[in-house]
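Chains A and B, in that order, give the protein sequences.
So for the first sequence, numbering that gives the first Met the number 0 puts the first residue at 0; every next one is plus one.
So for the second sequence, numbering that gives the first Met the number 0 puts the first residue at 0; every next one is plus one.
Cβ atoms here follow ideal geometry from the backbone N, Cα and C, with glycine treated the same way.
Here the structure is a predicted model, which is why all the values come from computation and not from measurement.
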Amino acid sequence: MSGRVVIDFARAEGALVRMIGLVERRGFRVRGIVMAEEAEKASLTLDVQPLDPRRSLDVLALQLGRLHEVRQVSVSGTLS
Amino acid sequence: MSPAAAHAAPAAEPKTGARLVVEALECEGVRHIFGYPGGAIMPVYDALPGSKLEHILVRHEQAAALSADAYGRVTGQPGVCIATSGPGATNLITGIANAFLDSVPMVAITGQVASPLIGTDAFQEVDIFGITLPIVKHSYIVRSTADIPRIFAEAFHIARSGRPGPVLIDLPKDVVMLAAAPAPFEPFVEEECPIDEGGIERANALIAEARAPVLYFGGGIAIARAERALRDFSERTGMPSVATLKGLGGVPTDTPSFLGMLGMHGMRAANVAIDNCDLLICVGARFDDRATGKLDTFAPRAKVIHIDRDPAEIGKLRRAEVGMCGDLSQILDRLTALPEAEPWKEQCAAQKALWAMSYDAPGSGIYAPALLKQLSEEAGDNAIFTCDVGQHQMWVAQHCRFTRPQAHLTSAGLGTMGYGVPAGVGALLAEPEATVITVSGDGSIMMNIHELATIRRYRLPLKILLLDNSQLGMVRQWQELFFNENFSEIDLADNPDFAEVARAFGIEAFTIDHRSQVSAAIERLLKTDGPILCHVRIDPRENVWPLVPPNSSNVQMMEKSR
Numbered sequence: 000m001s002g003r004v005v006i007d008f009a010r011a012e013g014a015l016v017r018m019i020g021l022v023e024r025r026g027f028r029v030r031g032i033v034m035a036e037e038a039e040k041a042s043l044t045l046d047v048q049p050l051d052p053r054r055s056l057d058v059l060a061l062q063l064g065r066l067h068e069v070r071q072v073s074v075s076g077t078l079s
Numbered sequence: 000m001s002p003a004a005a006h007a008a009p010a011a012e013p014k015t016g017a018r019l020v021v022e023a024l025e026c027e028g029v030r031h032i033f034g035y036p037g038g039a040i041m042p043v044y045d046a047l048p049g050s051k052l053e054h055i056l057v058r059h060e061q062a063a064a065l066s067a068d069a070y071g072r073v074t075g076q077p078g079v080c081i082a083t084s085g086p087g088a089t090n091l092i093t094g095i096a097n098a099f100l101d102s103v104p105m106v107a108i109t110g111q112v113a114s115p116l117i118g119t120d121a122f123q124e125v126d127i128f129g130i131t132l133p134i135v136k137h138s139y140i141v142r143s144t145a146d147i148p149r150i151f152a153e154a155f156h157i158a159r160s161g162r163p164g165p166v167l168i169d170l171p172k173d174v175v176m177l178a179a180a181p182a183p184f185e186p187f188v189e190e191e192c193p194i195d196e197g198g199i200e201r202a203n204a205l206i207a208e209a210r211a212p213v214l215y216f217g218g219g220i221a222i223a224r225a226e227r228a229l230r231d232f233s234e235r236t237g238m239p240s241v242a243t244l245k246g247l248g249g250v251p252t253d254t255p256s257f258l259g260m261l262g263m264h265g266m267r268a269a270n271v272a273i274d275n276c277d278l279l280i281c282v283g284a285r286f287d288d289r290a291t292g293k294l295d296t297f298a299p300r301a302k303v304i305h306i307d308r309d310p311a312e313i314g315k316l317r318r319a320e321v322g323m324c325g326d327l328s329q330i331l332d333r334l335t336a337l338p339e340a341e342p343w344k345e346q347c348a349a350q351k352a353l354w355a356m357s358y359d360a361p362g363s364g365i366y367a368p369a370l371l372k373q374l375s376e377e378a379g380d381n382a383i384f385t386c387d388v389g390q391h392q393m394w395v396a397q398h399c400r401f402t403r404p405q406a407h408l409t410s411a412g413l414g415t416m417g418y419g420v421p422a423g424v425g426a427l428l429a430e431p432e433a434t435v436i437t438v439s440g441d442g443s444i445m446m447n448i449h450e451l452a453t454i455r456r457y458r459l460p461l462k463i464l465l466l467d468n469s470q471l472g473m474v475r476q477w478q479e480l481f482f483n484e485n486f487s488e489i490d491l492a493d494n495p496d497f498a499e500v501a502r503a504f505g506i507e508a509f510t511i512d513h514r515s516q517v518s519a520a521i522e523r524l525l526k527t528d529g530p531i532l533c534h535v536r537i538d539p540r541e542n543v544w545p546l547v548p549p550n551s552s553n554v555q556m557m558e559k560s561r
């Protein structure tokens with residue numbers, strides 16, 4: 000049971016560590032990372048797996064959305 | 000003109016980064032900053048004299064952050080703390096985390112080694128940006144002097160907007176020593192959060208059909224300054240209400256329909272109401288484990304309306320039938336449906352009367368709950384209580400009266416022993432006309448005892464009530480109840496004479512240990528103009544009741560034998 004999180008964000012110092020750190024601290028294992036950037040914008044795709052099945056990918060997306068650099072978060076996968 | 004717009008005005012002449020820092024703080028309307036100087040931050044301190052900023056020199060950087068935290072809670076504007084690199088910065092961490100866990104607006108400024116030295120293990124170099132990533136709302140390392148005005152304006156905007164929190168600005172020494180013309184920037188404007196009309200309609204429908212509703216509110220009320228709307232809603236519906244630790248004072252605690260704090264050390268009537276309600280309206284609270292107990296037994300029969308400024312809180316721990324994110328006052332004002340719940344209200348009122356606190360403790364020793372009740376009644380609505388962490392913190396929450404949430408400053412999320420005295424400093428500077436009372440314990444006060452020097456230096460009329468049971472009382476209580484009385488490392492019988500300690504700092508102090516001394520002590524505490532410490536010896540065997548045992552439902556409360 001894994002999910003995918005796609006994060007569009009503004010490039011800024013610490014942004015990557017902030018996002019990946021948040022995902023891990025909120026109870027998800029990061030199993031894959033792909034990043035792309037263009038000018039000031041960037042996109043990060045994370046394949047994640049919850050450490051506890053009660054952890055919600057939708058809530059994680061909202062928590063990522065609170066970060067200042069994050070512009071948009073979309074999630075897909077079998078998790079709710 | 001907004002502070003941010005003021006920043007946006009083009010500046011013609013280059014200025015040093017340190018000067019830009021000071022001007023940026025002045026532009027934000029900052030009056031007080033709490034800090035401690037040191038090597039890397041010295042250029043900023045060099046620019047302070049002659050500015051509009053009043054710097055409060057604390058005796059440990061943790062106190063700077065905790066004072067700024069309390070200042071932010073009272074004013075609603077970011078409290079500002081400042082420290083040098085390395086240990087100065089790391090000493091701020093507990094205070095920053097405290098603000099993060101309780102959603103308090105704060106801007107923390109740290110010095111950093113010069114840019115060419117970053118990453119070389121230089122003297123007093125530490126990656127404070129990296130260390131604090133999990134406990135800040137946002138953070139910056141300033142790389143260009145010209146960016147200082149923009150970064151400060153943005154930092155203040157982020158700290159106070161939406162769900163507030165701490166923002167860290169790390170300032171390399173060369174960046175504040177160099178001169179530059181500020182780069183222009185656009186003002187920062189908080190995004191509007193439109194009301195969910197469908198949610199309002201569904202929520203009103205749920206309220207109209209409810210027969211046993213409960214209003215459950217938390218610290219979000221104080222953050223949003225939504226007391227007026229909450230009280231209107233409470234009066235309009237007459238529905239029973241309960242508060243989290245941080246929510247206390249959202250409605251006056253003597254409101255007849257208010258059942259008290261819920262949760263681990265909450266009132267039984269509050270927990271019973273939650274257990275039996277058919278509709279739970281959660282406003283500015285987050286289903287925290289201290290409030291809910293065993294989550295899957297919390298409000299088991301209730302539909303939930305969850306209203307919060309932070310969308311990430313809605314549905315995080317409890318599914319809501321209706322979740323609405325936005326301005327709490329605007330949403331509450333739109334909830335105009337009225338429940339038909341008279342029998343339920345009477346039932347809750349009866350439970351409240353049945354389980355009311357009793358103050359007729361046997362013996363002649365000082366019963367802390369009774370003392371606190373009497374103190375808060377005599378201190379009046381102008382009082383602000385700041386608490387440390389432990390048994391006394393729960394006694395304050397249970398037995399003091401509050402008519403506004405800013406009157407109760409407590410470290411709820413992080414549970415920081417040592418919060419009380421620095422918070423008292425921050426509260427007094429934020430609201431000098433208030434009667435500020437710090438309630439501390441003999442364990443907690445030693446965590447920041449040095450701040451008595453700050454109180455003395457600035458002649459702050461802080462009233463400290465120190466409840467001394469010569470133990471780490473809350474730990475002892477848990478060891479007694481849940482660890483088979485295996486008492487481990489809780490004995491503080493070798494405490495110093497706290498009255499003598501206070502006097503050594505130049506603070507008036509006295510000790511009481513008998514119930515007959517309480518009234519005179521309260522009178523002295525409240526009538527003394529300057530700082531004063533009342534050291535109270537209490538029974539070390541006294542516990543905080545009631546109590547929900549760990550991993551239990553909130554209705555499985557342990558009570559003091561009555």
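- Collapsing the DSSP output to three states places residue 237 of chain B in coil.
- Exclusion of the five residues before and after residue 134 of chain B leaves 95, 96, 99 as the residues of its chain whose Cβ lies within less than 6 Å of its Cβ.
- Under the three-pair Cβ rule at 8 Å, the stretch 399 to 409 of chain B does not count as touching the stretch 453 to 465 of chain B.
- Secondary structure note for residue 534 of chain B: its beta strand (DSSP E) is the uninterrupted segment 531 to 536.
- Where residue 308 of chain B is concerned, there is no enclosing beta strand (DSSP E), because DSSP gives it neither an H nor an E.
- At a cut-off of 8 Å, the C-beta of residue 157 of chain B has a neighbouring C-beta in chain A.
- Using a CB distance below 7 Å, the part of the stretch 132 to 145 of chain B facing chain A consists of 132, 133, 137, 138, 140, ordered along the chain.
- 12, 13: these are the residues of the stretch 0 to 15 of chain A whose beta carbon lies less than 8 Å from some beta carbon of chain B, given in chain order.
- For residue 14 of chain B, the secondary structure class from DSSP, reduced to helix, strand or coil, is strand.
- Every alpha helix (DSSP H) stretch that sits fully inside the stretch 250 to 310 of chain B and reaches 4 residues is listed by chain position as 267 to 275, 288 to 291.
- When 9 Å is used as the limit between beta carbons, residue 45 of chain A is near no residue of chain B, the shortest such separation being about 17 Å.
- By the Cβ criterion, the stretch 411 to 428 of chain B is not in contact with the stretch 356 to 370 of chain B, since fewer than three pairs of Cβ atoms, one from each stretch, lie closer than 8 Å.
- Residues of the same chain with a CB within less than 6 Å of the CB of residue 196 of chain B, apart from the 5 flanking positions on each side, do not exist.
- The criterion of a C-beta distance shorter than 8 Å is satisfied by residue 399 of chain B and residue 375 of chain B.
- Among the bridge pairs identified by DSSP, residue 137 of chain B is matched with B/166.
- Going by DSSP, residue 212 of chain B is part of the beta strand (DSSP E) stretching over 212 to 216.
- Judged by their CB atoms, residue 434 of chain B and residue 525 of chain B are nearer to each other than the 8 Å cut-off.
- Shown here, residue 20 of chain B sits in a helix according to DSSP, grouped into three states.
- The stretch 355 to 399 of chain B contains, as complete alpha helix (DSSP H) runs of 4+ residues, the segments 367 to 378, 390 to 398 (chain order).
- Taking a cut-off of 8 Å on C-beta distances, the stretch 385 to 393 of chain B touches the stretch 437 to 444 of chain B, as three or more cross pairs fall below it.
- At the C-beta level, residue 198 of chain B and residue 356 of chain B stay beyond 8 Å of one another.
- Taking CB atoms only, residue 71 of chain A has no neighbour in chain B less than 8 Å away.
- Below the 9 Å Cβ cutoff, chain B contributes 309, 310, 311, 312, 313, 314, 315 as neighbours of residue 61 of chain A, in chain order.
- Per DSSP, residue 353 of chain B is one residue of the alpha helix (DSSP H) stretching across 341 to 353.
- Under the three-state reduction of DSSP, residue 525 of chain B is assigned to helix.
- Only residues of its own chain outside the window of five on either side were considered, and among them 198, 201, 202, 304 have a CB closer than 6 Å to the CB of residue 321 of chain B, listed in chain order.
- Note on residue 482 of chain B: under 16 other CB atoms within 10 angstroms of its CB, so exposed under the neighbour-count rule.
- DSSP places residue 466 of chain B inside the beta strand (DSSP E), whose first and last residues are 462 to 467.
- For residue 45 of chain A, the closest of A/37, A/27, A/65, A/13 by C-alpha to C-alpha distance is A/27.
- Counting only residues of its own chain and dropping the five nearest sequence neighbours on each side, residue 287 of chain B has no CB closer than 6 Å to any other CB.
- Per DSSP, reduced to three states, the secondary structure at residue 95 of chain B is helical.
- DSSP lists A/41, A/69 as the beta-bridge partner residues of residue 8 of chain A.
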